[in-house]
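Below: the structure, in structure tokens.
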Amino acid sequence: MENANAKTILAPVLNAEDFDTSRRRLAEILSLDEPASVPVTARVLADPKFAHHLVSVRAFPQWRDKLLADDANALFASVQQGQDDIASSKPVAVAALAKKAALSLARWGASGFATVEPWLQKFREDACGKCDQNVPAPPSLAYRVGGMTGGKPAPMCNACGCLIARKVPLATETCPLPSPTDPTRTRWDEPISETSD
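Under the numbering used here, think of the first position of the sequence shown as 6, with each following residue one higher.
Put into structure tokens, the structure is as follows:
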């Protein structure tokens, strides 16, 4: 089964008006007796490869149940926090954020998961702290799926949508905005890069 077919089958889940509806619709597709768990639903929304595999084995309960019990699903359990805040969030926003995060993760993985030196991380944090694009992350599903926000909104960059604390340590990430004093450099005082986002 191709990913396009999985997307078609999962369209009612991806386009649901709220997260609880996504859970119920996923349960129908997978022939479950109760709504799909929060972590599994969040992972389906955020991880196209997992979604594809899950849809592919939906007619084989033993394989389906193995994926439903996958330990990696626990990474998505934090979406349970603040269910009231995300009740009306559109799951489609999760897909867009997940795609961007996946590209970032791929770049980071290709680098051997390289992080910057502590002094450079501090410099980046300070630059972001003074930036006019530093805003509180919204309490939406897209920011809760990866456990990105806790009790209070985390700072995020309004220009790229990334959470500052997640982005600044990664050696493969760059600031998306040019410096106001030097258009060839970013606000992190690094050369402008084609991968800036």
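Using N, Cα and C, we set each Cβ at its ideal position, and we do this for glycine too. Note that the structure is predicted; figures quoted are calculated from it, not measured.
Provide the residue span of the beta strand (DSSP E) that contains residue i, from first to last.
i: P174; result: Note, P174: premise wrong, no beta strand (DSSP E); not H, not E.
i: V140; result: N139 to P141
Let me know if residue i comes out buried or exposed under the rule of 16 or more other beta-carbons within 10 Å of its beta-carbon.
i: S94; result: Because the pLDDT of S94 is 42, which lies under 50, any placement of that residue in the model is unreliable, and the question is left without a value.
i: A77; result: exposed
i: T13; result: exposed
i: K172; result: buried
i: T46; result: buried
i: A142; result: buried
i: P181; result: buried
i: P66; result: exposed
i: P185; result: exposed
i: S109; result: buried
What does residue i pair with, by DSSP beta-bridge criteria?
i: T191; result: P183
i: L168; result: M161
i: T120; result: L175
Reducing DSSP to helix, strand and coil, say where residue i ends up.
i: P196; result: strand
i: D25; result: helix
i: D70; result: helix
i: L50; result: helix
i: D76; result: helix
i: P44; result: helix
i: R63; result: coil
i: L35; result: helix
i: N10; result: helix
i: L19; result: helix
For residue i, report the span of its alpha helix (DSSP H) as first-last.
i: P123; result: P123 to K135
At a threshold of 7 Å, does residue i count as lining the ligand ATP (C-beta to nearest heavy atom)?
i: K127; result: You won't find the ligand ATP in this model; it holds no ligand whatsoever.
query = Just checking, does the segment 173-182 make contact with the segment 114-125 on the three C-beta pairs under 8 Å criterion?
reply = yes
key: Any 3 or more C-beta pairs closer than 8 Å across the segment 52-69 and the segment 22-29   = no
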